[in-house]
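**Student:** Residues in the sequence shown are numbered consecutively from 806, following the working numbering. Even for Gly, the Cβ is constructed at its ideal location relative to N, Cα and C.
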Amino acid sequence: MLLEALKRCRTTEQLNPVVAQLLVSGYIHRSPSLCRLINFLSFSRNSAFVLYAAHILLRLQHPLFATTTTTTFLHNTVIRGYSLLGLQDSAPGALLVYSHLLHSSKPDNFTFPFLLKALTNYNYNYNYSAECLSAGKQIHAHLHCFGFQSSVFVLNTLIKMYSSFRDLHSAQNLFDFSFPNDLDVVSWNTLIHAYVESGDLHMARHLFDRMPQPNHISWTSIISAYAHRGQLDVAHSLFHKSSPPTPSAAWNSLIAGYAKSGLLSLARQLFDEMPCRNTISWNSMISAYAHTRHLEQARSLFDQMPEKDVFSWSCMISGYAQNDQGESALQLFQQMLAEDSGCTPNEVTLLNVLAVCARLAALHQGVWIHTYIQRNGMRLSDNLGASLIDMYAKCGCVETAVEVFRDLDCKNVSCWNALITGLAVNGVAEAALEAFTQMQKMKTRPNNITFLGVLMACCHGGLVEEGRQHFESMENSFGVEPEIKHYGCMIDLLGRAGLLEEAEEVIRSMPMEPDLTVLGALLGACRIHGNVEVANRVCNRFLKPKSHAPSCRILLSHIYAAAGRWTEASRVRATLHGGQVKKEAGLSSLELLQANMPTDTPNYHFRDIS
806 MLLEALKRCR TTEQLNPVVA QLLVSGYIHR SPSLCRLINF LSFSRNSAFV
856 LYAAHILLRL QHPLFATTTT TTFLHNTVIR GYSLLGLQDS APGALLVYSH
906 LLHSSKPDNF TFPFLLKALT NYNYNYNYSA ECLSAGKQIH AHLHCFGFQS
956 SVFVLNTLIK MYSSFRDLHS AQNLFDFSFP NDLDVVSWNT LIHAYVESGD
1006 LHMARHLFDR MPQPNHISWT SIISAYAHRG QLDVAHSLFH KSSPPTPSAA
1056 WNSLIAGYAK SGLLSLARQL FDEMPCRNTI SWNSMISAYA HTRHLEQARS
1106 LFDQMPEKDV FSWSCMISGY AQNDQGESAL QLFQQMLAED SGCTPNEVTL
1156 LNVLAVCARL AALHQGVWIH TYIQRNGMRL SDNLGASLID MYAKCGCVET
1206 AVEVFRDLDC KNVSCWNALI TGLAVNGVAE AALEAFTQMQ KMKTRPNNIT
1256 FLGVLMACCH GGLVEEGRQH FESMENSFGV EPEIKHYGCM IDLLGRAGLL
1306 EEAEEVIRSM PMEPDLTVLG ALLGACRIHG NVEVANRVCN RFLKPKSHAP
1356 SCRILLSHIY AAAGRWTEAS RVRATLHGGQ VKKEAGLSSL ELLQANMPTD
1406 TPNYHFRDIS
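Encoded structure:
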């Protein structure tokens, strides 16, 4: 009855009446009922339920428990619940329950592995590493006091804890000063993996060579390390020395290593030789082909796959998206959503498809994906939010982009960048600059993309003084070093305003050589304002006599012709090789930045959202 009632609970609000009934009836004071309740809450993998279990445990008085064993068991259960969450906030809760256990009973050999595992979950947040490492060392001292360090399970957990906090010196000392009989293959593999993760391949190999009997995990770890480092000869040699049968993970690591180094033929040869391929093997080969623009080979393997997972679909969609085959990406996404695919798109899939929708200005498909996210209760992460804002902005739906931004719970720099750039490319300059002001008030630090959007807004609005101020503040106030695109925006802004000498001075002050986009923007402005002198000086200084810059030279010839200087115009034309020149469009830097916004939308009809 109790267990059935608990299973129906999904939230703490639904849980409260059940616990209240247990309190009123007195059943909560009986060990079996209490154990079932704590066990259910702790193993739910629901952070709110684990906290609820800890709250119940910490409020109960010791006389309610039948035995000391029961007290320790219940504390261990809640600590284990925290360790299973894998969250950064699991350590404080586990430590609190452990502290309560020390005052009400005493730990046993099961307490410490769970507690140490909860601490290692903090290795994802380095702000707390020192604090948790200190707590881990105190727990290590407690292990000596209670006499549990001889357990190989506890020893391995300690080695893993020190390794996860990059304290390899302590991990190595613990390993070296242990009796050989106290170590097992997990001890060796844990320390080898720690050295691999830290980049110390020499120590990892030294340990591996000392290992009495490496298992498949040992071989995979060391082969993967060499393959990832690009030391493929060593990886290949170890691969052939490994104890048969060679684990699939080792095959996959070597395939990925060859692919990463551009040796696709060797990767494919190994793939074809593989006796038993798994999904990771297929995905590695598809990814290698897709990221090297061999889309036909990638699609051929994709279609041959016996079983596809969400990564398979995402990888192939990403390949199409990143190689300007947006229509194929959308078609494949539609196929993925078919009832028989058995795969649900994840965030990576949706990010790739939204990027395609933004590039193709495919508003209908973009709205469909937004609705899909809402209907399926998916959390709108910062990345998804930024992609939606970008998609709506590039489709011209500025108000909807702003609404998406406002609805985001947490707005990181990517979200602000998407909003500012979206407003800028749609010509809403004042709103873009206001968003930049609000971003600073919210203590979000701008980056190079932020300032590109701000300078684009100034260009669209003709806001020369504001552009100057923001360009100067980049490095002086925010420590963001201007890149060539930022210089291009400034030159375009000054050129549009007719401030050609100032634009020329900006080019001269650049720490890098100007590219054709920058020169083209200034020459285009010189043509509009009829300024032959600036155009002549810029070309003489920055255009090499034999450089391949036909668009800039054509612009220069037009400037000379407009000024009636036909001799110079003819001379510039003559430098173009035999007249066999394909004239390039004279785009400003802003137009080049926005060139990926075509208006033609493919006519796809996605199925209705269930």
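Taking 8 Å as the cut-off, does the region 953-965 touch the region 899-917 (at least 3 CB pairs, one atom from each stretch)?
**Tutor:** Enough Cβ pairs lie closer than 8 Å, so yes.
**Student:** Going by other Cβ atoms of all chains shown within 10 Å of its Cβ, with 16 needed for buried, is residue 1231 buried or exposed?
**Tutor:** So residue 1231 ends up on the buried side.
**Student:** Using the rule of at least 16 other Cβ atoms within 10 Å of the residue's Cβ for burial, across every protein chain shown, is residue 1358 buried or exposed?
**Tutor:** When all chains shown are included, residue 1358 counts as buried.
**Student:** Spatial neighbours of residue 1003 within its chain, please: C-beta separation below 7 Å, excluding the five flanking residues on both sides.
**Tutor:** For residue 1003, where only same-chain residues beyond five positions count, the Cβ hits under 7 Å are 971, 973.
**Student:** In its own chain, which residues sit with a C-beta less than 7 Å from the C-beta of residue 1071, not counting the 5 before and 5 after it?
**Tutor:** If we look at residue 1071 and ignore the five residues flanking it on each side, its Cβ neighbours are 1063.
**Student:** Among residues of its own chain, excluding the 5 on either side of residue 991, which ones have a beta-carbon nearer than 6 Å to its beta-carbon?
**Tutor:** Here the set comprises 961.
**Student:** Would you call the CB atoms of residue 1093 and residue 1124 closer than 7 Å?
**Tutor:** For residue 1093 and residue 1124, no; Cβs fall outside 7 Å.
**Student:** Taking its Cβ as the centre, do 16 or more other Cβ atoms sit within 10 Å of residue 1393, making it buried, or is it exposed?
**Tutor:** Since pLDDT at residue 1393 reaches only 45, below the 50 mark, its modelled position is unreliable, and no value is offered.
**Student:** Shortest alpha-carbon distance to residue 1149 belongs to which of 1131, 1166, 1174, 1343?
**Tutor:** Among 1131, 1166, 1174, 1343, the Cα nearest to that of residue 1149 is on 1174.
**Student:** Note down, in chain order, each residue of its chain lying with its Cβ closer than 7 Å to the Cβ of residue 858, except the 5 sequence neighbours on either side.
**Tutor:** Cβ within range, chain order: 843, 846, 847, 883, 886.
**Student:** Is residue 880 near residue 906, with beta carbons less than 7 Å apart?
**Tutor:** Contact flag set, yes.
**Student:** Consult DSSP for residue 844 and reduce its assignment to one of helix, strand or coil.
**Tutor:** Three-state result, residue 844: helix.
**Student:** With a threshold of 7 Å on Cβ separation, who are the neighbours of residue 1378 within its own chain once the five nearest residues in sequence on each side are excluded?
**Tutor:** 1362, listed in sequence order.
**Student:** With C-beta atoms as the reference, is residue 1157 less than 7 Å away from residue 1187?
**Tutor:** No, they are not a contact pair.
**Student:** Which residues in the same chain have their Cβ closer than 6 Å to the Cβ of residue 1445, if we skip the five residues on either side of it in sequence?
**Tutor:** Because residue 1445 is not part of the residues shown, which for the chain are 806 to 1415, the question remains open.
**Student:** DSSP on residue 921, reduced to helix/strand/coil?
**Tutor:** Correct three-state label for residue 921: helix.
**Student:** Can you name the start and end residues of the alpha helix (DSSP H) that residue 1208 belongs to?
**Tutor:** 1203-1212 is the extent of the alpha helix (DSSP H) around residue 1208.
**Student:** Counting C-beta neighbours from all protein chains within 10 Å, is the total for residue 1317 16 or more, i.e. buried, or is it exposed?
**Tutor:** Residue 1317 should be labelled exposed.
**Student:** Give me the Cβ distance between residue 1198 and residue 1227, rounded to the nearest whole Å; I'm assuming they're in contact under 8 Å.
**Tutor:** Right, their Cβ atoms sit about 3 Å apart.
**Student:** Touching or not, the region 1051-1060 and the region 1021-1035, by the rule of three or more beta carbon pairs under 8 Å?
**Tutor:** Segments in contact, yes.
**Student:** According to DSSP, is residue 1096 helix, strand or coil?
**Tutor:** Reduced to three states, the DSSP call for residue 1096 is coil.
**Student:** Take the Cβ of residue 1138 as the centre, count every other Cβ of all protein chains shown within 10 Å, and call the residue buried at 16 or more, exposed below.
**Tutor:** Buried, since its Cβ has 16 or more Cβ neighbours within 10 Å.
**Student:** What is the DSSP secondary structure of residue 1268, counted as helix, strand or coil?
**Tutor:** Residue 1268: coil per DSSP, three-state reduction.
**Student:** Can you tell me whether residue 1297 is buried or exposed? The criterion is at least 16 other CB atoms within 10 Å of its CB, across all chains shown.
**Tutor:** Buried is the call here.
**Student:** Enumerate in chain order the residues of its own chain whose CB-to-CB distance from residue 1397 is below 7 Å, with the five nearest sequence positions on each side excluded.
**Tutor:** With a pLDDT of only 42 at residue 1397, under the threshold of 50, the placement of this residue in the model should not be trusted; the figure read from the coordinates follows. Closer than 7 Å at Cβ, skipping near neighbours: 1322.
**Student:** Can you tell me which of 904, 1283, 910 puts its alpha carbon nearest to the alpha carbon of residue 875?
**Tutor:** Of the candidates 904, 1283, 910, the one whose C-alpha sits nearest the C-alpha of residue 875 is 910.
**Student:** For residue 822, count neighbouring C-beta atoms within 10 Å of its own C-beta (all shown protein chains included) and say buried if the count is 16 or more, exposed if not.
**Tutor:** Flag for residue 822 reads exposed.
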